[in-house]
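Colleague:
Numbering (the UniProt record's numbering), first residue to last: 1 to 51.
#1: In this structure, what does DSSP give as the bridge partners for residue 12?
#2: Report back the beta-carbon spacing between residue 37 and residue 31 to the nearest angstrom; my notes put them in contact at under 8 Å.
#3: Report the rounded CA-to-CA distance for residue 46 versus residue 13, giving the unit in angstroms.
#4: Using the three-state DSSP reduction, which class does residue 46 fall into: helix, strand or coil?
Shown next as structure tokens:
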């Protein structure tokens, strides 16, 4: 998990990445309150192959 700045409303956002096989699943999450997180966006990208 890494800090990715603030969104347009001033809330802090975090980037979460998980590698599964040859794909990387990414989700940008926002802290909302009450100790909960909400997914703002999610995407999948191909991982770079190791030589």
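Just so you know, even glycine gets a beta-carbon here, dropped at the ideal spot from N, CA and C.
No experiment lies behind these values; they were computed from the predicted model shown.
Modeller: Looking at the coordinates:
#1: Counting from 1 along the chain shown, the entry for residue 12 is found at position 12. Beta-bridge pairing links residue 12 to 6.
#2: The sequence position of residue 37 within the chain shown is 37, counting from 1. The sequence position of residue 31 within the chain shown is 31, counting from 1. The beta carbons of residue 37 and residue 31 sit about 6 Å from each other, so the pair counts as a contact at 8 Å.
#3: By one-based count along the chain shown, residue 46 stands at place 46. By one-based count along the chain shown, residue 13 stands at place 13. Taking the Cα positions, residue 46 is about 23 Å away from residue 13.
#4: Counting from one through the chain shown, the residue named residue 46 turns up at place 46. Note: residue 46 maps to strand in three-state DSSP.
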